[in-house]
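Engineer:
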Amino acid sequence: MPNSSLPQQEKGIKKSDVLSGAAITGVLTFVLLTWSKTLPSNSVAAPYITEQTISFAAALATYLITLTLAFIRYEISLILHERDYTKKIKYLEQIMTLTTCPEVKKSLEEQKNNLLKDAAKAIVDEKI
953 MPNSSLPQQE KGIKKSDVLS GAAITGVLTF VLLTWSKTLP SNSVAAPYIT EQTISFAAAL
1013 ATYLITLTLA FIRYEISLIL HERDYTKKIK YLEQIMTLTT CPEVKKSLEE QKNNLLKDAA
1073 KAIVDEKI
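Just so you know, we're using my numbering here: the sequence shown kicks off at 953 and counts up by one.
As structure tokens, then:
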């Protein structure tokens, strides 16, 4: 199977990771701002919870949440590759054990080898 016929996967952090991270951070920032308004002025945390520190914390949270989402997406894609290719190879091996024709067995072995190569390429092409 030529490489040009395989769909080109995007690598790295996707826009959806950034947008999801920003949305989650927006909600957390709103909760933190709302909570900070209820702090009494003599609270130990009051001097440290300012709009500037909340803004910095929100930026840091967006970064960390985006990386976490990208890593989770990466891990899920590897699990899906494992599941898909493992099942295909398992069923192909079951068919190979049933066949007695040497030509068919050789053809199935070639297909299995191609499937293993495709599986390895799909896993190597995955980027976080």
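The beta carbon of each residue, even a glycine, is placed where N, CA and C say it ideally should be.
Less than 6 Å separating the Cβ of I1031 from some heavy atom of the ligand ADP?
Structural biologist: With respect to the ligand ADP, the structure shown offers nothing to examine, as it has no ligands at all.
Engineer: Could you compute how far the alpha carbon of K1069 sits from the alpha carbon of V1056?
Structural biologist: In the sequence shown, the residue the question calls residue 1069 occupies position 117. In the sequence shown, the residue the question calls residue 1056 occupies position 104. Approximately 20 Å between the Cα atoms of the pair.
Engineer: Are L1060 and I1041 closer than 7 Å when you measure CB to CB?
Structural biologist: Here residue 1060 is taken as the residue at index 108 of the sequence shown, counted from 1. Here residue 1041 is taken as the residue at index 89 of the sequence shown, counted from 1. No, the pair does not count as a contact, with Cβ atoms beyond the cut-off.
Engineer: Under 8 Å: do the region 980-994 and the region 1029-1039 share three or more Cβ pairs, one atom per stretch?
Structural biologist: Output reads no: the region 1029-1039 does not touch the region 980-994.
Engineer: Pop quiz: T977 and A1013 are said to be a contact at Cβ under 8 Å. What is the actual Cβ separation, rounded to whole angstroms?
Structural biologist: Position 25 of the sequence shown, counted from the start, is the residue given in the question as residue 977. Position 61 of the sequence shown, counted from the start, is the residue given in the question as residue 1013. About 5 Å separates the two Cβ atoms, so the contact holds.
Engineer: Check each candidate in T1052, K1073, V1076 and L1044 and name the one with the smallest Cα separation from E1062.
Structural biologist: Taking the first residue of the sequence shown as position 1, residue 1062 is located at position 110. When only C-alpha atoms are compared, the closest one is L1044.
Engineer: What residues in its chain sit with their C-beta under 7 Å from that of S1007, if we drop five residues either side in the sequence?
Structural biologist: Position 55 of the sequence shown, counted from the first residue, corresponds to residue 1007. Nothing meets the Cβ criterion.
Engineer: Using 8 Å for Cβ pairs, my map puts Y1037 next to A1071. What's the rounded Cβ distance?
Structural biologist: Here residue 1037 refers to the residue found at position 85 when the sequence shown is read from its first residue. Here residue 1071 refers to the residue found at position 119 when the sequence shown is read from its first residue. With a Cβ gap of about 4 Å, Y1037 and A1071 count as contacting.
Engineer: If you count every other CB in all the chains shown that lies within 10 Å of the CB of D969, and 16 or more means buried, which is it?
Structural biologist: Walking along the sequence shown from the start, residue 969 turns up at place 17. By the 10 Å Cβ count, D969 comes out buried.
Engineer: Got a sec? Which residues, its chain only, sit under 6 Å from V1076 by beta carbon, not counting five neighbours each side?
Structural biologist: One-based indexing of the sequence shown puts residue 1076 at position 124. There are no such residues.
Engineer: Counting C-beta neighbours from all protein chains within 10 Å, is the total for G973 16 or more, i.e. buried, or is it exposed?
Structural biologist: One-based indexing of the sequence shown puts residue 973 at position 21. Counting Cβ neighbours within 10 Å, G973 comes out buried, since at least 16 surround it.
Engineer: DSSP three-state call for N1066: helix, strand or coil?
Structural biologist: Counting from one through the sequence shown, the residue named residue 1066 turns up at place 114. N1066: helix per DSSP, three-state reduction.
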